[in-house]
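So the sequence shown is numbered by my numbering: it starts at 6 and just counts up by one.
The beta-carbon is built from N, C-alpha and C at its ideal position, and this holds for glycine as well.
All values reported here derive from a predicted model rather than from experimental measurement.
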Amino acid sequence: MKMKLTTALCASVMLLATAAFAGEGLELGSGVGAFTVTDVTGPEAGKSLCYRCRYGSQPVVSIFARQVNDELATLVKNVDQVVGQNKGEKMAAFVVLLSDDPTGQEGALKSLAKDHGITNTPLTVFDDKNGPPSYKITDADFTVMMWVDGELKVNETFKSGQLTPQAVTQVVGKTGSILN
6 MKMKLTTALC ASVMLLATAA FAGEGLELGS GVGAFTVTDV TGPEAGKSLC
56 YRCRYGSQPV VSIFARQVND ELATLVKNVD QVVGQNKGEK MAAFVVLLSD
106 DPTGQEGALK SLAKDHGITN TPLTVFDDKN GPPSYKITDA DFTVMMWVDG
156 ELKVNETFKS GQLTPQAVTQ VVGKTGSILN
C-alpha cells in the first residue's frame, strides 16, 4: 500500500511540475529554429556552431539548463546512454547551458563530461540565460526538448529539485516518440 501511495504521489508531483509551465514555451508540433552555441566538449570544442542545423532531420534530444548539478548529470548520463544505443537510428543529443557568463561555465561542463563519461552528447553554452528567443524557454531550471524532422515532439520543464531519478526515467522514456 505504501508503495502504491508513494508511486501515486511521485506521479502527481511530476504532473504538477509539468503543469506549472503549461501554456508556456514552444508548443508541440512547432518547428524548431536554428541557434548558435559554443561547443565545450563535442567534436567542435571551442567553436561556435548550430547543432540544430548540423543534426538536420535526425531524432534529437536537446537539454537546456541554467545550472550544472547532480540532477543535470543524471539526466545527461541517461540521455547519453540512449543516444549511444540508438546510433543506428542516427539519434543525437546536445546540452545547452544558458548563462550570461558562458566562458565561466565551461569548466563545470568539462568536469561533468569527464566525471560521468559523457561521450555521445556534446555539452555547449549559450550566451544568454533566457535561451534562444524562438524556443520560448520558460523560467524552469531544466527544459528537455525532443524533435525529429525539425518538429517538436516533447517539451518537458523542471525546477531544481523536481528532476528526480523517477522524473529522469520518465522523460528519457519519451525518446521513443522521436525514434518511431
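{"Check": "Which runs of the beta strand (DSSP E), 3 residues or longer, sit entirely within the segment 91-135?", "Outcome": "97-104 and 128-132"}
{"Check": "Please report the distance separating the alpha-carbon of Lys141 from that of Gly93.", "Outcome": "31 Å"}
{"Check": "Expressed to the nearest angstrom, what Euclidean distance is found between the alpha-carbon atoms of Ile123 and Asp132?", "Outcome": "22 Å"}
{"Check": "Going by beta-carbon coordinates alone, are Gly47 and Thr129 separated by less than 8 Å?", "Outcome": "yes"}
{"Check": "Just checking my contact of Met151 with Lys179 at CB under 8 Å: how many whole Å lie between their CB atoms?", "Outcome": "6 Å"}
{"Check": "Are at least three pairs of beta-carbons, each pair with one atom in the segment 51-58 and one in the segment 72-82, less than 8 Å apart?", "Outcome": "no"}
{"Check": "Going by DSSP in three states, Leu10 sits in which element: helix, strand or coil?", "Outcome": "For Leu10, the predicted model reports a pLDDT of 38, less than 50, meaning its position is unreliable and no value from the coordinates is stated."}
{"Check": "Please go through the same chain and pick out, in chain order, the residues whose beta-carbon is closer than 8 Å to the beta-carbon of Gly38, but skip the five residues on each side of it.", "Outcome": "Arg57, Pro137, Ser139 and Tyr140"}
{"Check": "Return helix, strand or coil for Ala50, following the three-state DSSP convention.", "Outcome": "coil"}
{"Check": "Here's a check: name, in chain order, each residue in its chain whose Cβ is nearer than 7 Å to the Cβ of Glu49, leaving out the five neighbours to either side.", "Outcome": "none"}
{"Check": "How would you call Leu184, buried or exposed, if buried means at least 16 neighbouring beta carbons within 10 angstroms?", "Outcome": "exposed"}
{"Check": "Taking all protein chains shown into account, decide if Gln90 is buried (16 or more other Cβ within 10 angstroms of its Cβ) or exposed.", "Outcome": "exposed"}
{"Check": "If contacts are defined as beta-carbon pairs under 8 Å, then Phe147 and Leu103 qualify, I think. What distance do you get, rounded to the angstrom?", "Outcome": "No, Phe147 and Leu103 are not in contact; Cβ-Cβ is about 10 Å, not under 8 Å."}
{"Check": "Measuring CB to CB, does Phe99 end up less than 8 Å from Pro127?", "Outcome": "yes"}
{"Check": "In whole angstroms, what is the alpha-carbon distance linking Leu33 and Lys52?", "Outcome": "30 Å"}
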